[in-house]
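**Q** Can you read through this structure? Questions will come right after.
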Amino acid sequence: MFNPTSSELSAIKNNGVKNIYLRFFDVAWDATYLKPSPIAQVRIADTAFIKSNQLQIIPTVFITNECIRYIRPDQCKALAENIYKLISNIVAANNLISVKEIQIDCDWTASTKEKYFTLLSELQKIDTVHLYSATIRLFQVKYVADAGVPPVKKGLLMCYNMGNLKSIETNNSILDPAEVKKYTSNLDKYPLPLDVALPLFDWYILYRNNGYTGIIQNLQKDSLNRYAIKIGANRYQINNDVQLSNVSFKKADVLRYEGSSYEDIMATASIIKQKIKGDSLRLVLYHLDSITLSKYSDHEIEAIFRSLR
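As numbered in this note's numbering, residues 1 to 309 make up the sequence shown, in order.
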């Protein structure tokens with residue numbers, strides 16, 4: 001459900017936000033029927049604030065790489081038609097008449113790029129009205145010769161989720177300016193115009209018996225302090241079997257906190273600014289959430305928005 005809180009609406013107004021990337025739905029592989037299937041379709045509670053604030057909604061569709069891997073090349077056209085039809089239905093149902101851009105999000109690889117790029121081309125044959133953009137991961141920039149360049153008008157460079165999340169040796173897989181530097185040496189040569197997305201979110205990574213178990217979100221730090229001991233700068237060990245935030249933990253489980261500190265965000269922006277320039281560059285903050293936003297001061301959010309100017 002997309003239903004911004006009063007604090008989220010204030011953040012939109014106070015920072016002059018004019019564009020919201022709204023995840024319309026995901027496309028995943030249905031292993032039972034052996035075909036792509038839409039899931040997690042958005043519901044918009046009220047569109048009045050969109051109109052009153054003259055916001056541009058950018059429909060975003062996430063397609064799993066597994067889905068692209070399993071579809072046949074001759075299914076790309078039908079998938080493009082189905083994606084466009086569902087986007088159009090959601091736009092019409094919510095009277096979002098001002099949509100100008102549609103974004104496709106996929107963590108494609110060298111082995112899936114041909115089918116994914118075909119899908120993007122088919123979408124733009126069907127829909128010649130909207131501008132199509134695609135998300136670009138840092139590894140797809142660094143290894144552009146293998147990953148290829150999607151056939152769209154522009155990309156959104158996602159400056160987060162860059163480390164090996166599953167490795168217990170990783171310090172922060174969400175954001176690490178040193179890692180950003182490694183991946184962006186040739187960023188200024190990337191052949192697509194790029195907007196930039198920076199993270200605001202955080203989470204905990206759970207390890208059991210030194211093995212990755214999952215991502216834990218919205219875990220209260222006071223609960224963690226009560227039932228765990230700190231064993232490192234951002235690591236905790238559970239004292240006894242316990243249930244916290246609807247998650248069952250075992251004694252000796254290890255949690256690694258990962259976040260997006262203001263300092264790391266600004267350092268990352270400084271690195272990117274040296275490589276990408278342009279008056280039309282759009283900075284995107286992920287994501288619009290009152291709990292996430294409460295971890296930053298108004299001044300910090302304003303400074304982040306100005307960081308690439």
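Just so it is clear, CB atoms sit at the ideal spot from N, CA and C, and this is done for glycine as well. As the structure is a prediction and not an experimental result, all values here were calculated from the model.
1. What ranges does the alpha helix (DSSP H) occupy inside the region 169-224, keeping only unbroken runs of at least 4 residues that lie completely in it?
2. Quick check: what's the CA-CA separation for residue 162 versus residue 290?
3. Could you pull out every residue in the same chain whose Cβ sits closer than 8 Å to the Cβ of residue 152, ignoring the five residues on either side in sequence?
4. Apart from the five residues on each side of it in sequence, which residues of its chain come closer than 8 Å, Cβ to Cβ, to residue 75?
5. Excluding the 5 residues preceding and the 5 following residue 142 in the sequence, name in chain order all residues of the same chain whose CB lies nearer than 6 Å to its CB.
6. Determine the contact status of residue 95 and residue 47, defining contact as a CB-CB distance below 9 Å.
7. What are the start and end residues of the beta strand (DSSP E) that includes residue 238?
8. According to the neighbour-count rule (16 or more other Cβ atoms, all chains shown, within 10 Å of its Cβ), is residue 130 buried or exposed?
9. How close, in whole Å, do the beta carbons of residue 239 and residue 221 come, if the pair is a contact with beta carbons under 8 Å?
10. Are the beta-carbon atoms belonging to residue 62 and residue 25 less than 9 Å from one another?
11. How is residue 26 classed by DSSP in three states: helix, strand or coil?
12. Quick one: Cα of residue 285 to Cα of residue 31, how far?
13. For residue 102, which residues from the same chain have a beta carbon less than 6 Å from its beta carbon, with the 5 sequence-adjacent residues on both sides left out?
14. Any contact of the region 216-231 with the region 167-187, i.e. 3+ C-beta pairs under 8 Å?
15. For residue 60, name the three-state secondary structure that DSSP assigns.
16. In the DSSP assignment, the beta strand (DSSP E) including residue 230 goes from what residue to what residue?
17. For residue 245, which three-state DSSP category applies?
18. For residue 263 and residue 82, what's the separation of their Cα atoms in angstroms?
19. Report the residue ranges of all beta strand (DSSP E) runs contained in full by the region 112-163; include only those spanning at least 3 residues, in chain order.
20. Given a cut-off of 9 Å on the beta-carbon distance, is the pair residue 66 and residue 172 in contact?
21. Within this structure, are the beta carbons of residue 44 and residue 22 separated by less than 9 Å?
22. Would you give the residue range spanned by the beta strand (DSSP E) that residue 37 belongs to?
23. Given a cut-off of 9 Å, decide if residue 100 and residue 54 are closer than it, judged by their beta-carbon atoms.
24. If you check the beta carbons only, do residue 216 and residue 247 fall under 9 Å apart?
25. By Cβ distance, which residues of its chain are closer than 6 Å to residue 249, with the 5 residues on each side in sequence left out?
26. Give the single residue among 200, 228, 180, 211 whose Cα lies nearest to the Cα of residue 270.
27. Mind checking whether residue 71 and residue 115 have CB atoms under 9 Å apart?
28. Rounded to the nearest angstrom, what separates residue 38 and residue 175 at their Cα positions?
29. Could you give the residue range of the alpha helix (DSSP H) that holds residue 84?
30. List the residues that DSSP assigns as beta-bridge partners of residue 19.
31. So for residue 308, helix, strand or coil by DSSP?
32. Leaving out five residues before and five after residue 126 in sequence, what residues of the same chain have Cβ atoms less than 8 Å from its Cβ?
**A** So, to answer that:
1. For the region 169-224, whole alpha helix (DSSP H) runs of length 4 or above, ordered along the chain, are 177-183.
2. About 24 Å.
3. Here the set comprises 104, 120, 124, 132, 133, 134, 192.
4. For residue 75, where only same-chain residues beyond five positions count, the Cβ hits under 8 Å are 35, 36.
5. Counting only residues of its own chain and dropping the five nearest sequence neighbours on each side, residue 142 has a CB closer than 6 Å to the CB of 183.
6. Contact flag set, yes.
7. Looking at the DSSP string, the run of the beta strand (DSSP E) that includes residue 238 is 235-238.
8. So residue 130 ends up on the buried side.
9. The beta-carbon distance between residue 239 and residue 221, rounded to whole angstroms, is 15 Å. This is too long to meet the 8 Å contact definition.
10. In this structure, residue 62 sits near residue 25, with a CB-CB distance shorter than 9 Å.
11. Residue 26 falls in the strand class under three-state DSSP.
12. In this structure, the straight-line span from the alpha carbon of residue 285 to that of residue 31 is close to 34 Å.
13. Contacts found: 59, 130, 132.
14. Too few Cβ pairs lie closer than 8 Å, so no.
15. DSSP places residue 60 in strand when its eight states are reduced to three.
16. Here the beta strand (DSSP E) through residue 230 covers 228-232.
17. In this structure, residue 245 counts as coil in the three-state DSSP scheme.
18. Each residue's Cα considered, the two are about 43 Å apart.
19. Contiguous beta strand (DSSP E) elements confined to the region 112-163 occur at 131-137, 154-158, taking only those with 3 or more residues.
20. Not closer than 9 Å, so no.
21. If you check the CB distance, residue 44 and residue 22 come in under 9 Å.
22. Bounds of the beta strand (DSSP E) holding residue 37 are 35-39.
23. In this structure, residue 100 does not lie closer than 9 Å to residue 54 by Cβ.
24. Remark: C-beta atoms of residue 216 and residue 247 approach each other more closely than 9 Å.
25. Correct list, in chain order: 238, 242.
26. Comparing C-alpha distances from residue 270 to each of 200, 228, 180, 211 shows the shortest one belongs to 180.
27. It is a contact, given that the beta carbons lie within the stated cut-off.
28. Roughly 30 Å separates the two Cα atoms.
29. Segment 76-93, the alpha helix (DSSP H) holding residue 84.
30. BP columns for residue 19 point to 56.
31. Assignment of residue 308 by DSSP, reduced to helix, strand and coil, places it in the coil class.
32. Within the same chain, and ignoring the five residues on either side of residue 126 in sequence, the residues whose Cβ sits closer than 8 Å to its Cβ are 80, 81, 84.
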